[in-house]
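A.B. asks: This is the structure, below, for whatever I ask next.
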């Protein structure tokens, strides 16, 4: 059988009622895949017949045979000239999920590469998840990791989503909205991120149609009306540009295009405009032969129409992260109409339309293409880093969404290297973009040679220098302002690991104290721990100790069970003996917390109790929270201060002083003379009925109770101080 007559109704009798599907399959196998070798098209014919047989009897909601969907997906991929393996993967992409075909069977028939592509597209329906969101996130994570190994997985998925969005009218309204929202949040930004501009815009428009059908209808109607009214203006602009370029002897292809509906709607929402106020619904594209002519064209257009200040962007010198290159400028056109113009070469135009898919469409040694592939590869590697550092699939998806912002800022490292970051990125995001260790160790940053806070948002062209310290570590407060997925996941991973390690150490100390409280000889070897782990279902000894440290388990309960398994448990002789206390050094990190209600410092009599998810919380003996019985007595832990505590502790004090000039300076000087530090100051109004007095609250940083007494003595010696006390909640 020749390739020109690849399929007939006799080949696929099940499709007798749908001859249009056979007709489309023949177009796919002859016209659309004409760039492939004959043997490749024969393989695709076999893949089509296999897929049709696997999906036989299955129908789409529209009433069409299901095989029409994978055929349409494969046809979309032929626009990017993808290879035979990718097209076969597209034809077979649902057979594992919907028809019970195994990966091994596909490997035997079509090779490992095709089977991997299909597997990357298949959902994980054999695992149990706690929620629909978790299942969806896990499926998405699996697909992205497959994409990191082979980008064709994502190209197939985008074509799959595009065809589903084009044919979603038959679905229920709630399902339409759910799929449209997922498309707008995930798939459209990914299409943009890898440079598939046409797919990105169409997915946005289709998602807009189903998320806001009424708004889409009204805006579409208004745009059609405006199209006729503005036709003459558009033609006049085209004629003017062509004439000006011809006068400068610049050969160019000039075209006008209508902006996509969703971008117009987004502009109306962001700038609070009505449709009639959005003048720049048309954009113009000028394609010239090489880079120097791009800049010559820019000069000619700026001589023709006045440029709008601040609206010029050079994406040729500094390409976007997805490899996109063009000159963008906005001009004052006739009748005051703003004109957006893009100037690019044919090679840039191919990359702008097909992005990373241009690797398959135009195989070439051109540096521009290799640069696109390299940037995409770097992004895919960053996805693998997110996957490793994220705790679960939902967290991974959250980090990915954060990383898919289309707007970018371009900043410079001290050595002049350009980094692209999402709009709104901070100095901390920059530090993590350079290297994870730089992010972990940063303590300050310089922007354009000036020290700035780490939360400072970066702007295009900023020169950034990160100041590091050897013993620095991430601050949990950074999570409130970082914008990149990498920074967020790395900070969370570090804090989780650090807290786990600290909780293990604390749990070990609490368990030792529990053994002491039970007054039993300690004979818990590895064999006993193994029995306990099998019985409790815990993963490791460290996990049990971390749970004890975080208050998830009571140390005395764990100790008692371990002793029972060891056969050494005895109720005798356990009364009347004082258990060993836990020594507090103040450097335990997040596993031990000092209660804010009483702010204990070394020298204060203290006690502790284990609070779930917070670890050991330390209070003073006379804390109101303790005296009011708000703490479970069974969870109380005997604690005392380690003789060598080197850190500083916060202590709030309240001062009533005469409201005279220089009073605050005198108070601060007295604190400094006592070798203490003021961490915070808050000023009160005049108190009681004496306007001559002022209430001031300091948060002092002191070493211990003796140090605090020294500071208070210095303050009381001041003649302006009327009353002084340590604040307790």
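In the working numbering, the protein residues as written are 22 to 750. Heads up, the beta-carbon is just placed ideally off N, CA and C, and yes, glycines get one too. Just so you know, these numbers come straight off a predicted model, no measurement behind them.
Going by CA-CA distance only, name the one from 481, 485, 560, 480 that's closest to residue 453.
C.D. replies: What you label residue 453 is simply residue 432 of the chain shown in a count that begins at 1. Here the closest residue by C-alpha is 485.
A.B. asks: Which of the three DSSP states, helix, strand or coil, is assigned to residue 463?
C.D. replies: Numbered from 1 along the chain shown, position 442 holds the residue referred to as residue 463. The three-state reading of DSSP puts residue 463 in strand, counting E and B together.
A.B. asks: To the nearest angstrom, report how far apart residue 359 and residue 329 are at their CA atoms.
C.D. replies: In the chain shown, the residue the question calls residue 359 occupies position 338. In the chain shown, the residue the question calls residue 329 occupies position 308. Answer to the nearest angstrom: the Cα atoms are 8 angstroms apart.
A.B. asks: With burial defined as no fewer than 16 other Cβ atoms inside 10 Å of the residue's Cβ, what is the status of residue 585: buried or exposed?
C.D. replies: To locate residue 585, count along the chain shown from 1; it is residue 564. Counting Cβ neighbours within 10 Å, residue 585 comes out exposed, since fewer than 16 surround it.
A.B. asks: Tell me residue 662's beta-bridge partners as DSSP assigns them.
C.D. replies: Here the question's residue 662 lines up with position 641 in the chain shown. Per DSSP, the beta-bridge partners of residue 662 are 605.
A.B. asks: Under 7 angstroms, do residue 372 and residue 315 count as touching if we go by C-beta distance?
C.D. replies: Here residue 372 corresponds to residue number 351 of the chain shown, with the count starting at 1. Here residue 315 corresponds to residue number 294 of the chain shown, with the count starting at 1. No. Outside cutoff.
A.B. asks: Using 8 angstroms as the Cβ pair cut-off and three pairs as the minimum, do the region 87-97 and the region 49-57 touch?
C.D. replies: yes
A.B. asks: Out of 522, 107, 114, 580, which one is the CA nearest neighbour of residue 564?
C.D. replies: Position 543 of the chain shown, counted from the first residue, corresponds to residue 564. Cα-wise, what sits closest to residue 564 is 522.
A.B. asks: State the DSSP-derived secondary structure class of residue 61, mapped to helix, strand or coil.
C.D. replies: Taking the chain shown and counting its residues from 1, the one referred to as residue 61 is at position 40. Residue 61 falls in the helix class under three-state DSSP.
A.B. asks: If residue 676 and residue 745 are in contact, beta carbons under 8 angstroms, what's the gap, nearest whole angstrom?
C.D. replies: To locate residue 676, count along the chain shown from 1; it is residue 655. To locate residue 745, count along the chain shown from 1; it is residue 724. Yes, they are in contact, since the Cβ atoms of residue 676 and residue 745 sit about 5 angstroms apart, within 8 angstroms.
A.B. asks: Between which two residues does the beta strand (DSSP E) containing residue 480 stretch?
C.D. replies: As a working note, residue 480 is residue 459 in the chain shown. Looking at the DSSP string, residue 480 is not in any beta strand (DSSP E), and its letter there is neither H nor E.
A.B. asks: Need the endpoints of the alpha helix (DSSP H) that residue 185 sits in, please.
C.D. replies: The residue given as residue 185 occupies position 164 in the chain shown. Note, residue 185: alpha helix (DSSP H), 173-187.
A.B. asks: In its own chain, which residues sit with a C-beta less than 7 angstroms from the C-beta of residue 742, not counting the 5 before and 5 after it?
C.D. replies: Start at 1 with the first residue of the chain shown, and residue 742 comes out as number 721. Cβ within range, chain order: 676, 678, 736.
A.B. asks: In whole angstroms, give me the CA-to-CA distance for residue 219 and residue 208.
C.D. replies: By 1-based counting over the chain shown, the position of residue 219 is 198. By 1-based counting over the chain shown, the position of residue 208 is 187. Their backbone Cα atoms lie some 13 angstroms apart in a straight line.
A.B. asks: Where residue 64 and residue 108 are concerned, what is the direct C-alpha to C-alpha distance, given to the nearest angstrom?
C.D. replies: Within the chain shown, numbered from 1, the residue matching residue 64 stands at position 43. Within the chain shown, numbered from 1, the residue matching residue 108 stands at position 87. The straight-line gap from Cα to Cα measures roughly 10 angstroms.
A.B. asks: What residue range is occupied by the uninterrupted alpha helix (DSSP H) comprising residue 703?
C.D. replies: Position 682 of the chain shown holds residue 703. From DSSP, residue 703 is part of no alpha helix (DSSP H) but of the beta strand (DSSP E) over 698-704.
A.B. asks: Roughly how many angstroms lie between the CA atoms of residue 368 and residue 700, to the nearest whole one?
C.D. replies: Counted from its first residue, the chain shown places residue 368 at position 347. Counted from its first residue, the chain shown places residue 700 at position 679. One C-alpha to the other measures close to 59 angstroms.
A.B. asks: Please return the same chain residues whose Cβ sits closer than 6 angstroms to the Cβ of residue 201, not counting the five positions on each side in sequence.
C.D. replies: Locating residue 201 in the chain shown gives position 180, counting from the first residue. Its chain contains 228, 231, 232 as the residues whose beta carbon lies nearer than 6 angstroms to that of residue 201, once the 5 sequence neighbours on both sides are disregarded; these appear in chain order.
A.B. asks: Can you tell me the Cα-Cα spacing of residue 466 and residue 120, whole angstroms?
C.D. replies: Here residue 466 is taken as the residue at index 445 of the chain shown, counted from 1. Here residue 120 is taken as the residue at index 99 of the chain shown, counted from 1. For residue 466 and residue 120, the distance between alpha carbons rounds to 56 angstroms.
A.B. asks: Using the Cα positions of residue 349 and residue 184, report the straight-line distance between them to the nearest angstrom.
C.D. replies: Residue numbering aside, residue 349 sits at position 328 when the chain shown is read from its first letter. Residue numbering aside, residue 184 sits at position 163 when the chain shown is read from its first letter. Using only the alpha carbons, I get a separation of about 31 angstroms.
A.B. asks: Among 445, 357, 514, 524, which has the Cα closest to the Cα of residue 460?
C.D. replies: On the chain shown, residue 460 is found 439 positions in, with the first residue counted as 1. Closest in C-alpha terms to residue 460, from the list 445, 357, 514, 524, comes 514.
A.B. asks: Return the chain-ordered ranges of every alpha helix (DSSP H) run that is complete within the region 222-279 and spans a minimum of 4 residues.
C.D. replies: 234-250, 252-268
A.B. asks: At what residues does the beta strand (DSSP E) containing residue 486 begin and finish?
C.D. replies: For the purposes of this step, residue 486 is taken as residue 465 along the chain shown, with counting starting at 1. From DSSP, the beta strand (DSSP E) with residue 486 extends over 485-489.
A.B. asks: Straight-line CA distance for residue 734 to residue 702?
C.D. replies: In the chain shown, the residue the question calls residue 734 occupies position 713. In the chain shown, the residue the question calls residue 702 occupies position 681. The straight-line gap from Cα to Cα measures roughly 19 angstroms.
A.B. asks: State whether the region 267-275 contacts the region 210-219, with contact taken as three or more CB pairs (one from each stretch) at a distance under 8 angstroms.
C.D. replies: No, the region 267-275 does not touch the region 210-219.
A.B. asks: What separation, rounded to the nearest whole angstrom, lies between the Cα atoms of residue 462 and residue 552?
C.D. replies: Reading the chain shown from its first residue, position 441 is the one you call residue 462. Reading the chain shown from its first residue, position 531 is the one you call residue 552. Cα to Cα, residue 462 sits roughly 41 angstroms from residue 552.
A.B. asks: Taking only the alpha-carbon atoms, compute the straight-line gap between residue 313 and residue 319 and give it to the nearest angstrom.
C.D. replies: Sequence index remark: in the chain shown, residue 313 carries index 292 (1-based). Sequence index remark: in the chain shown, residue 319 carries index 298 (1-based). If you take the alpha carbons of residue 313 and residue 319, they lie about 10 angstroms apart.
A.B. asks: Indicate whether residue 134 and residue 127 have their beta-carbon atoms separated by less than 7 angstroms.
C.D. replies: For the purposes of this step, residue 134 is taken as the residue at position 113 of the chain shown. For the purposes of this step, residue 127 is taken as the residue at position 106 of the chain shown. Against a cut-off of 7 angstroms, the Cβ pair of residue 127 and residue 134 comes out as no contact.
A.B. asks: I'd like to know if the region 426-446 and the region 497-506 are in contact, where contact means that at least 3 CB-CB pairs between them fall below 8 angstroms.
C.D. replies: yes
A.B. asks: Between the beta-carbon of residue 326 and the beta-carbon of residue 357, is there less than 7 angstroms?
C.D. replies: Along the chain shown, read from residue 1 onward, the residue named residue 326 stands at position 305. Along the chain shown, read from residue 1 onward, the residue named residue 357 stands at position 336. No, they are not a contact pair.
A.B. asks: Apart from the five residues on each side of it in sequence, which residues of its chain come closer than 7 angstroms, Cβ to Cβ, to residue 311?
C.D. replies: On the chain shown, residue 311 is found 290 positions in, with the first residue counted as 1. So the list reads 366, once near-sequence residues are dropped.
A.B. asks: Between the alpha carbons of residue 293 and residue 240, how many angstroms are there, rounded?
C.D. replies: Within the chain shown, the letter at position 272 stands for residue 293. Within the chain shown, the letter at position 219 stands for residue 240. Rounded to the nearest angstrom, the two C-alpha atoms are 15 angstroms apart.
A.B. asks: Note down the Cα distance separating residue 623 from residue 524, rounded to an integer number of angstroms.
C.D. replies: For the purposes of this step, residue 623 is taken as the residue at position 602 of the chain shown. For the purposes of this step, residue 524 is taken as the residue at position 503 of the chain shown. Our two residues, residue 623 and residue 524, have alpha carbons roughly 22 angstroms apart in a direct line.
A.B. asks: From residue 717 to residue 499, what distance separates their C-alpha atoms?
C.D. replies: Reading the chain shown from its first residue, position 696 is the one you call residue 717. Reading the chain shown from its first residue, position 478 is the one you call residue 499. Taking the straight line joining both Cα atoms gives about 30 angstroms.
A.B. asks: Let me know the secondary structure DSSP gives residue 311 once reduced to three states.
C.D. replies: Reading the chain shown from its first residue, position 290 is the one you call residue 311. Reduced to three states, the DSSP call for residue 311 is coil.
A.B. asks: Between 713, 527, 472, which has its C-alpha nearest residue 613's C-alpha?
C.D. replies: As a first step, residue 613 must be located in the chain shown, where it is residue number 592. Closest by alpha carbon: 527.
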